[in-house]
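Notes follow the structure.
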Amino acid sequence: MLTYLIVRLADAYSMIIFVYVMMSWLPTSRGVVADIYQVLGKLCDPYLNLFKKLIPPIGGMVDVTPIVALLVLQFGVRLLVAIF
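Straight run, no breaks: the sequence shown in UniProt numbering ends on number 84.
Set out below in structure tokens:
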């Protein structure tokens, strides 16, 4: 039961990160979309910043840290579930 909850929470957080990254491609200056983007940023940035310190952007522009962060999250949770 606990493992199911952990996997579901990790999946939900992964989806939040995915939506946050997709929204970063949209022009959001004001309004409801900008507010949603800011809230998602407060949820995602602390985790993503851990990887931004370690992985520089490729070519100075392409940021692959969300991909690495999602992979680490998913593999870490699956490993944790396999151990318990």
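Where a beta carbon is used, it is the ideal one built from N, C-alpha and C, also for glycine.
This one's a predicted model, so the numbers in the text were calculated from it and none came from an experiment.
Whole-number beta carbon distance between I83 and V68, since they are thought to touch under 8 Å: Residue 68 sits at position 68 when you count from the first residue of the sequence shown. Residue 83 sits at position 83 when you count from the first residue of the sequence shown. With a beta-carbon spacing of about 22 Å, V68 and I83 fall beyond the 8 Å limit used to define contacts.
So, at 7 Å on beta carbons, what are the nonlocal neighbours of V64 in its own chain, with the 5 sequence-adjacent residues on each side left out? Numbered from its first residue, the sequence shown carries residue 64 at position 64. For V64, where only same-chain residues beyond five positions count, the Cβ hits under 7 Å are I55 and I58.
Which residue comes first and which comes last in the alpha helix (DSSP H) that contains R78? Sequence index remark: in the sequence shown, residue 78 carries index 78 (1-based). Per DSSP, R78 is one residue of the alpha helix (DSSP H) stretching across T65 to I83.
Given 8 Å, three or more beta-carbon pairs between the region 7-14 and the region 25-36: Contact annotation: the region 7-14 does not touch the region 25-36, with fewer than three C-beta pairs closer than 8 Å.
Can you tell me where the alpha helix (DSSP H) holding P46 begins and where it ends? The sequence position of residue 46 within the sequence shown is 46, counting from 1. Segment V32 to K52, the alpha helix (DSSP H) holding P46.
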